[in-house]
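Asks:
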Amino acid sequence: MKAVPYGSVEYWSSRYDDEERDKPGGGFEWYPGADDIVVDLLSKLGGYDDGFEALEIGSGSSELAAKLAASFAGSHVILSDFAENVVHRMRERLGGKDLEFHVVDCCRMAYRDGAFDLVVDKGTLDAVDCGDDDGARTSCLAEVRRVLSVEKGIYVLVSCREPSWRRRDFGELFEEVLVEEIRAEGTAKSCPADHFLYVLRRK
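Be aware that the sequence shown starts at 416, since it is given in this note's numbering, and climbs by one per residue.
1) Helix, strand or coil: how does DSSP classify residue 583 here?
2) Helix or strand or just coil, what does DSSP make of residue 512?
3) Can you tell which of 433, 520 and 492 has its C-alpha closest to the C-alpha of residue 510?
4) Straight-line CA distance for residue 613 to residue 593?
5) Rounded to the nearest angstrom, what separates residue 387 and residue 615 at their Cα positions?
6) What's the C-alpha gap between residue 443 and residue 428?
7) Select from 545, 547 and 497 the residue whose C-alpha is nearest the C-alpha of residue 525.
8) Taking contact to mean 3 or more Cβ pairs, one atom from each stretch, closer than 8 Å, check whether the region 541-548 and the region 557-565 are in contact.
9) Checking 8 Å against the spacing of the C-beta atoms, do residue 501 and residue 431 come in under that value?
10) Are the CB atoms of residue 513 and residue 486 within a distance shorter than 8 Å?
11) In the DSSP assignment, the beta strand (DSSP E) including residue 429 goes from what residue to what residue?
12) Any idea what DSSP makes of residue 469, helix, strand or coil?
13) Using only CA atoms, which one of 463, 519 and 580 lies nearest to residue 569?
14) Mapping DSSP to helix, strand and coil, what is residue 496?
15) Check each candidate in 436, 434, 450 and 554 and name the one with the smallest Cα separation from residue 572.
16) Measure how close the beta-carbons of residue 583 and residue 574 come, nearest whole angstrom, since I'm counting them as under 8 Å.
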């Protein structure tokens, strides 16, 4: 069986066209329920009374960026994806809600060093893992680290990869603040987690 090319912009552009055709004006949420957990977590961490500069990488058709902007007054949130078609559609759908919309490859970003207080990634690193470029994961993580503020930058990652796997990727780039298991509602704790929430600071 041929692997799904999750690391390909052509795959995602085609998928987003299909998604719009099948469900006009709708969207798709990877890891359902994670959005609210991320917003709640940031509220508990504190320090965002005056808002933050935030970037979501690989936003796709998710509304997480809009939820962040709505939940933290004074924040400037950028929704980004390397598929141009979905960025244009999300601009049409969510424009005017304290958001910016950028076509960006998370492995090669043009933002200045230390530009963001927060980078959010819900499944994007997982997709990068599935690409043909063996160095893409390292490039993505290095770019996230580079654009994070040295003083208070936080990387919030939602991933299907368990900690024993992901910790090898973080290496000398990030240190853990928090790791939590996320389970679908009604799932017993004895069952494996559906995915994991990582809160990281740059080293």
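Ideal Cβ positions, reconstructed from N, Cα and C, are used throughout, including at glycine.
Replies: Taking the geometry as given:
1) As a first step, residue 583 must be located in the sequence shown, where it is residue number 168. Assigned with DSSP and collapsed to three states, residue 583 falls in helix.
2) Start at 1 with the first residue of the sequence shown, and residue 512 comes out as number 97. Looking at residue 512 - three-state DSSP - the assignment turns out to be coil, as it is neither helix nor strand.
3) What you label residue 510 is simply residue 95 of the sequence shown in a count that begins at 1. Ranking 433, 520 and 492 by Cα distance to residue 510 puts 492 first.
4) To locate residue 613, count along the sequence shown from 1; it is residue 198. To locate residue 593, count along the sequence shown from 1; it is residue 178. Their backbone Cα atoms lie some 6 Å apart in a straight line.
5) There is no way to answer for residue 387, as the model of the chain reaches only from 416 to 618.
6) Position 28 of the sequence shown, counted from the start, is the residue given in the question as residue 443. Position 13 of the sequence shown, counted from the start, is the residue given in the question as residue 428. The alpha-carbon atoms of residue 443 and residue 428 are separated by roughly 14 Å.
7) Along the sequence shown, one-based indexing puts residue 525 at 110. The option with the nearest alpha carbon to residue 525 is 497.
8) Output reads no: the region 557-565 does not touch the region 541-548.
9) As a first step, residue 501 is located in the sequence shown; it is residue number 86 there, counting from the start. As a first step, residue 431 is located in the sequence shown; it is residue number 16 there, counting from the start. Inclusion of residue 501 and residue 431 in the CB contact set at 8 Å is warranted, their separation being smaller than that value.
10) Mapped onto the sequence shown, residue 486 falls at position 71. Mapped onto the sequence shown, residue 513 falls at position 98. Using a Cβ distance threshold of 8 Å, residue 486 and residue 513 do not count as a contacting pair.
11) Within the sequence shown, the letter at position 14 stands for residue 429. From DSSP, residue 429 is part of no beta strand (DSSP E) but of the alpha helix (DSSP H) over 424-437.
12) As a working mapping, residue 469 is identified with position 54 in the sequence shown. Annotated three-state conformation of residue 469 is strand, per DSSP.
13) If you number the sequence shown from 1, residue 569 lands on position 154. Nearest of 463, 519 and 580 to residue 569, Cα basis: 463.
14) As a first step, residue 496 must be located in the sequence shown, where it is residue number 81. Taken through DSSP and simplified to helix, strand or coil, residue 496 comes out as strand.
15) Here residue 572 refers to the residue found at position 157 of the sequence shown. Taking only the C-alpha atoms, the option nearest residue 572 is 450.
16) In the sequence shown, the residue the question calls residue 583 occupies position 168. In the sequence shown, the residue the question calls residue 574 occupies position 159. In this structure residue 583 is not in contact with residue 574, their Cβ atoms being roughly 13 Å apart against a cut-off of 8 Å.
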